[in-house]
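Novice: Position one of the sequence shown corresponds to residue 514 (this note's numbering), numbered consecutively onward.
Dumping the structure here so I can ask a few things about it.
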Amino acid sequence: MPPKRFPVDCLYEGVLMTSHEPSVAEAFTALFKKEAAATNNKVASYALGGQDRDAGADYLYHDNMRFSIVEFKYNEGNILRESEKPRRLKLCHKLALPENKEMREMHDKCHFIAWKESWTMKRLINIYRNEVCNTSIFGDSCGLSDAEPYKGSRTKDGAFIRNFLQLTKDYTLDVHEFSSYMEWVLKCTSDSSTGDLILMTFDEDTEDFDLLKYSSIKDAYDAFIDKRNNYLSSIIQPPI
Numbered sequence: 514m515p516p517k518r519f520p521v522d523c524l525y526e527g528v529l530m531t532s533h534e535p536s537v538a539e540a541f542t543a544l545f546k547k548e549a550a551a552t553n554n555k556v557a558s559y560a561l562g563g564q565d566r567d568a569g570a571d572y573l574y575h576d577n578m579r580f581s582i583v584e585f586k587y588n589e590g591n592i593l594r595e596s597e598k599p600r601r602l603k604l605c606h607k608l609a610l611p612e613n614k615e616m617r618e619m620h621d622k623c624h625f626i627a628w629k630e631s632w633t634m635k636r637l638i639n640i641y642r643n644e645v646c647n648t649s650i651f652g653d654s655c656g657l658s659d660a661e662p663y664k665g666s667r668t669k670d671g672a673f674i675r676n677f678l679q680l681t682k683d684y685t686l687d688v689h690e691f692s693s694y695m696e697w698v699l700k701c702t703s704d705s706s707t708g709d710l711i712l713m714t715f716d717e718d719t720e721d722f723d724l725l726k727y728s729s730i731k732d733a734y735d736a737f738i739d740k741r742n743n744y745l746s747s748i749i750q751p752p753i
């Protein structure tokens with residue numbers, strides 16, 4: 514039987530529609546870019562591809578100052594699939610340790626999970642550990658203390674994005690903090706041989722949107738800032 518948290522119809526819909534998980538990510542990313550354009554913010558998004566196994570997220574988002582990562586699921590029932598990933602249970606256990614208080618605080622500001630509400634087209638987002646690190650996901654014998662998700666930190670994705678772009682620091686970390694958190698996740702909870710991410714995007718200034726590849730978070734951020742500064746310089750009129 515499925516855990517009580519998940520109605521059978523929700524789980525059934527999730528089984529049928531798991532392949533539509535990328536659509537949730539695409540909608541979130543499109544809204545992120547739309548809200549950024551409306552407020553004249555320059556932003557970037559990166560699909561993490563196979564690195565999601567170690568990073569615990571599908572996408573990385575940032576503007577000129579702040580970073581976050583998001584894991585996407587089609588609906589709430591699909592969140593249960595996180596129980597199939599031993600690295601995620603290890604992350605949950607590591608985050609619960611008193612000596613990892615600093616990483617726990619960083620996690621709560623930059624690591625999220627988003628999904629479509631059951632039977633609606635609206636999307637919710639929550640801090641990853643608040644949604645996933647509990648026995649309703651991993652089972653009674655997993656060693657986690659919480660039985661259910663903490664829903665008090667759930668929010669609509671639009672509200673999350675607007676908060677992100679306002680630089681309130683509720684849902685983001687700066688590049689140095691974020692790099693430290695990702696190194697910890699990759700090395701200490703996923704046993705990765707590297708403490709960084711390889712990021713790929715495309716160059717909108719080229720005719721065929723040529724691909725761009727960065728060997729680290731910092732490299733991608735530096736290139737983003739250089740491009741932003743060049744753009745700002747081009748629109749500043751010299752004094753008469």
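Beta carbons: idealized from backbone N, C-alpha and C, even for Gly.
Since the structure is predicted, the reported quantities are computational estimates derived from the model, not experimental observations.
Between which two residues does the beta strand (DSSP E) carrying Trp628 extend?
Specialist: Here the beta strand (DSSP E) through Trp628 covers His624 to Lys629.
Novice: Go through its chain and collect everything with a Cβ distance to Thr542's Cβ below 6 Å, but skip five positions before and after it.
Specialist: Cβ neighbours of Thr542 beyond the five flanking positions: Ser558.
Novice: Just the Cα atoms here: how many angstroms apart are Pro599 and Ser747?
Specialist: In a straight line, the C-alpha of Pro599 is about 49 Å away from that of Ser747.
Novice: When you compare only the Cα positions, how much space is there between Tyr572 and Ser654?
Specialist: The straight-line gap from Cα to Cα measures roughly 31 Å.
Novice: From which residue to which residue does the beta strand (DSSP E) around Lys586 run?
Specialist: Segment Arg579 to Asn588, the beta strand (DSSP E) holding Lys586.
Novice: Quick one: is Asn647 buried, meaning 16 or more other Cβ sit within 10 Å of its Cβ, or exposed?
Specialist: Under this definition Asn647 is a buried residue.
Novice: So is Leu725 buried or exposed if we call it buried at 16+ other beta carbons inside 10 Å?
Specialist: By the neighbour-count rule (16 or more Cβ atoms within 10 Å), Leu725 is not buried but exposed.
Novice: With the cut-off set at 9 Å, would you say Ala538 and Phe585 are in Cβ contact?
Specialist: Yes, the pair counts as a contact, with Cβ atoms nearer than the cut-off.
Novice: Please state whether DSSP places Thr633 in a helix, a strand or coil.
Specialist: Coil, per DSSP.
Novice: For Leu678 versus Asp576, is the C-beta spacing smaller than 9 Å?
Specialist: In this structure, Asp576 lies closer than 9 Å to Leu678 by Cβ.
Novice: Would you list the residues sitting across from Met713 in a DSSP beta bridge?
Specialist: Lys726.
Novice: Quick one: is Asp721 buried, meaning 16 or more other Cβ sit within 10 Å of its Cβ, or exposed?
Specialist: It is exposed - the Cβ of Asp721 has fewer than 16 other Cβ atoms within 10 Å.
Novice: Would the beta-carbon of Ser693 fall within 9 Å of that of Leu710?
Specialist: In this structure, Leu710 does not lie closer than 9 Å to Ser693 by Cβ.
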